[in-house]
Each structure stands twice: as structure tokens, then as C-alpha cells.
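Worksheet: the structure to be examined is printed underneath.
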Amino acid sequence: MANVARAQSVTSDRFCAQDADMTFESSDHVLFRVHRKNLEITSEGFAPPSGTTISNGFVQLSERAEILDLLFQYTYPQRPPDLTSIRFEAFTDLAEATEKYQMFGAMEICRLLMKAAYNDHPFEVLLYSTRHGYSELMTLAQGRTLELSPADAFKLFPPAAYIAFVSTIV
25 MANVARAQSV
35 TSDRFCAQDA
45 DMTFESSDHV
55 LFRVHRKNLE
65 ITSEGFAPPS
75 GTTISNGFVQ
85 LSERAEILDL
95 LFQYTYPQRP
105 PDLTSIRFEA
115 FTDLAEATEK
125 YQMFGAMEIC
135 RLLMKAAYND
145 HPFEVLLYST
155 RHGYSELMTL
165 AQGRTLELSP
175 ADAFKLFPPA
185 AYIAFVSTIV
């Protein structure tokens, strides 16, 4: 099954270096050819975490190509991507990936942008900060979630988050 999917894979336009020594495959079958040295310098060794499989020299990752494209930009000496112009859902997925792969420079940028987003996305920021131990951010987001009326929370939260929110105020 993986070989059939790989036959349908495309290679990233941005990460396609012929001299790259690592190839990652996104969950939506895009290949990313990157340099191991860059990964070693910018992350905690980028050892494949649990849940990844290595098949025929490809490391299969659970993230979508959109997220890996942003993530791998932090491994090269260039301007980082503008994260203020992406959908918040994609941003939260990137923030989780930076934590998962311990990409320290990107982790800090994501933490700062999460802090800037806590007014508009308090529950998502609360979940992120709780999962990753950012206590100052957790306090900010928690305070904001308690200020919301049920009507505002309904507009802001995804369904599961809204149910959790309502159960805490009833």
C-alpha cells in the first residue's frame, strides 16, 4: 500500500535538493528532500518520533505537506515564513509539529504568536500552552476563556471545545 502511494507521490518544489541525504514523506504523499546536517543543527536531532515509519529510505510523517513545508523552512539559513498570513488551524498544526520535533527557534516564534492570538483563540491557546508547559501563556488564555459569554464561546470554539467550555460554567 505504501509503495502504491509513493508511486503517486510528488516532490516538494522547495525541498528537492539532489544532494539531500534525507527524504520525508508527508501524510498527503509529498516528498521533502532535506539535508540531515540542517536538521541536526536546528532541532533535537530530528530523530523520528513514535508514530513514524521508515520505509525504503523514506521517513513517513503524520503531518500534511503544508505543515512540513513551513517546518522545514526553519532548518535552512533564510528568512522564516510569514506565519501571520496562514490559517489559524494550519498555524496550530505547525506549532504542534515544532514541539514534536523540538525545532527550538520555530518553537519560540510559535509561542510568541500563540501569545498574540490568545484573545481570538483562547481555548486553542490554552490547550497548546497546557500541553507544552507554557505557564504564563496558560494563565493568559485561561483568564480569557473565563471572560467569554456562552454566545461568544459558541462563535469562537470548535464544537468539542465549546462543549467542554459550557460544562465548566454550568
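So the sequence shown is numbered by the working numbering: it starts at 25 and just counts up by one. Glycine included, each C-beta is placed from N, C-alpha and C at the ideal position. Only a predicted model underlies this, so the values are computations on that prediction, with no experimental measurement involved.
> Any idea which residues DSSP pairs Glu-49 with across the strands?
Replying inline: The sequence position of residue 49 within the sequence shown is 25, counting from 1. Leu-55, Gln-84, per the DSSP bridge assignment.
> Count the other CB atoms within 10 Å of the CB of Glu-160; is the residue buried (16 or more) or exposed (fewer)?
Replying inline: Reading the sequence shown from its first residue, position 136 is the one you call residue 160. Label assigned to Glu-160: exposed.
> Nearest-angstrom Cα distance between Ser-86 and Leu-180?
Replying inline: To locate residue 86, count along the sequence shown from 1; it is residue 62. To locate residue 180, count along the sequence shown from 1; it is residue 156. Separation of Ser-86 and Leu-180 (C-alpha to C-alpha, rounded to the nearest whole angstrom) is 27 Å.
>> Pairs of beta-carbons, one from the segment 141-152 and one from the segment 91-106, closer than 8 Å: are there three or more?
In response: Here the segment 141-152 does not lie against the segment 91-106, with fewer than 3 beta-carbon pairs under 8 Å apart.
>> Checking 8 Å against the spacing of the C-beta atoms, do His-59 and Ala-41 come in under that value?
In response: On the sequence shown, position 35 is the one that residue 59 refers to. On the sequence shown, position 17 is the one that residue 41 refers to. Going by C-beta atoms, His-59 is nearer than 8 Å to Ala-41.
>> Spatial neighbours of Met-25 within its chain, please: C-beta separation below 7 Å, excluding the five flanking residues on both sides.
In response: The residue you call residue 25 lines up with position 1 of the sequence shown. Here the model assigns Met-25 a pLDDT of 48, short of 50, so the residue's position is not dependable and the matter cannot be decided.
> When you compare only the Cα positions, how much space is there between Met-131 and Thr-66?
Replying inline: Taking the sequence shown and counting its residues from 1, one reaches residue 131 at position 107. Taking the sequence shown and counting its residues from 1, one reaches residue 66 at position 42. So the two alpha carbons sit approximately 11 Å from each other.
> For Thr-122 versus Asn-62, is the C-beta spacing smaller than 8 Å?
Replying inline: As a first step, residue 122 is located in the sequence shown; it is residue number 98 there, counting from the start. As a first step, residue 62 is located in the sequence shown; it is residue number 38 there, counting from the start. Not in contact: Thr-122 and Asn-62 (Cβ atoms no closer than 8 Å).
> Since Phe-112 contacts Ala-141 with CB under 8 Å, what's their CB separation in whole angstroms?
Replying inline: The residue labelled residue 112 in the question sits at position 88 within the sequence shown. The residue labelled residue 141 in the question sits at position 117 within the sequence shown. Right, the Cβ-Cβ distance comes to about 7 Å (below 8 Å), so this counts as a contact.
> On the three-state DSSP scale, how would you describe Ser-173?
Replying inline: Residue numbering aside, residue 173 sits at position 149 when the sequence shown is read from its first letter. DSSP, read as helix, strand or coil, puts Ser-173 in coil.
> When DSSP labels each residue in this structure, what does Thr-35 get in the three-state scheme?
Replying inline: Locating residue 35 in the sequence shown gives position 11, counting from the first residue. The DSSP-derived three-state label of Thr-35 is strand.
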